[in-house]
Amino acid sequence: MYLLNPYALWPLPQQAMPIEVRGRRESDISDVRALMQRAYPPPHGPEAVWAESNLLAHLSVFPEGQFVAIGRDGEIIGSATSMRTSARQAMAGHTWSDITGKGQLTTHEAEGDVLYGVNIVVDPAHQGCGVARMLYKARFGLAQELGCRWIVAGARIPGYHEHAEAMSAPEYVGAVVHGSLFDPTLSKQLRMGFRVWGMLPGYAPDHETLDQAVLIIRPVRGAHAL
Ligand SMILES: CC(C)(COP(=O)(O)OP(=O)(O)OC[C@H]1O[C@@H](n2cnc3c(N)ncnc32)[C@H](O)[C@@H]1OP(=O)(O)O)[C@@H](O)C(=O)NCCC(=O)NCCS
2 MYLLNPYALW
12 PLPQQAMPIE
22 VRGRRESDIS
32 DVRALMQRAY
42 PPPHGPEAVW
52 AESNLLAHLS
62 VFPEGQFVAI
72 GRDGEIIGSA
82 TSMRTSARQA
92 MAGHTWSDIT
102 GKGQLTTHEA
112 EGDVLYGVNI
122 VVDPAHQGCG
132 VARMLYKARF
142 GLAQELGCRW
152 IVAGARIPGY
162 HEHAEAMSAP
172 EYVGAVVHGS
182 LFDPTLSKQL
192 RMGFRVWGML
202 PGYAPDHETL
212 DQAVLIIRPV
222 RGAHAL
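Residue numbering for the sequence shown follows our numbering, starting at 2 and increasing by one per position.
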């Protein structure tokens, strides 16, 4: 038989799927837990990986605020968890546990003018490839759709423990903001248009940050899209 394409009998190269962000589903929960285990290895404690009940609560309280990033092979490579709260709560001093209702989102305010970033995590094997930017873009789009005025989060500073003997946490954050130090989390969040609003000492138990976090904020209205 005459073939127009002489290579037609060879298998065509597999088309890699693009990375995509979509809403999190109940069926994603075990993969999200596995992702958190990879992203927060020991000596992070078991509390760094949410229980199935937490992840189910997020879907029941605020399903539209939960996203996952799907990699080229269809695996979950990123996750972002959000809730709504008031600017009064979010922009004052708080701990992660207080503002998120111990991670159960019982503190979610359906009309809150702040979209609060409860957690964002990208598989270590896929970090630095723009996955967090895609997740932030989805969050930003949601905040716009909901009419929120701000996106706020407590940013981890995992590089701080390496400098803690030489400087205080605010000094470290100042150096990261000015670009003389690179922090594996805060530096990336600053690239997403966040600004530092203040320090959150005792935010969450964390051996890398020495329990410190930074309150970061980004306006929604009038801000350029990500
Ligand atoms: C923080 C975290 C979510 C970022 O995810 P990521 O997918 O690596 O981030 P991205 O690749 O989208 O990078 C975000 C920005 O930082 C920049 N960036 C990433 N890696 C960088 C590096 N090594 N050096 C300099 N800039 C870097 C990117 O260029 C990008 O900016 P751009 O889009 O303007 O170019 C990820 O590092 C993580 O999961 N860390 C562990 C968990 C954690 O701390 N979560 C935050 C809780 S507050």
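A virtual CB, placed ideally from N, CA and C, is assigned to each residue, including glycine. A quick note: this is a predicted structure, and the numbers were derived from the prediction, not measured.
Of the other Cβ atoms in all chains shown, fewer than 16 fall within 10 Å of the Cβ of S31; this residue is therefore exposed.
In this chain, the beta strand (DSSP E) harbouring W151 covers 151 to 157. Distances from the CB of I121 to the heavy atoms of ligand 1 include at least one below 7 Å. Straight-line spacing of the CA atoms in A40 and E146 works out to 30 Å. Per DSSP, the continuous alpha helix (DSSP H) segment holding V178 begins and ends at 170 to 178.
Taking the CA atoms as reference points, D124 sits about 9 Å from Q38. Residue burial annotation: M18 is exposed, with fewer than 16 other C-beta atoms found within 10 angstroms of its C-beta. The C-beta of G46 has fewer than 16 other C-beta atoms within 10 Å across all chains shown, which makes the residue exposed. Scanning its chain for C-beta atoms nearer than 6 Å, with the 5 sequence neighbours on each side dropped, one finds around N120 the residues T82, in chain order.
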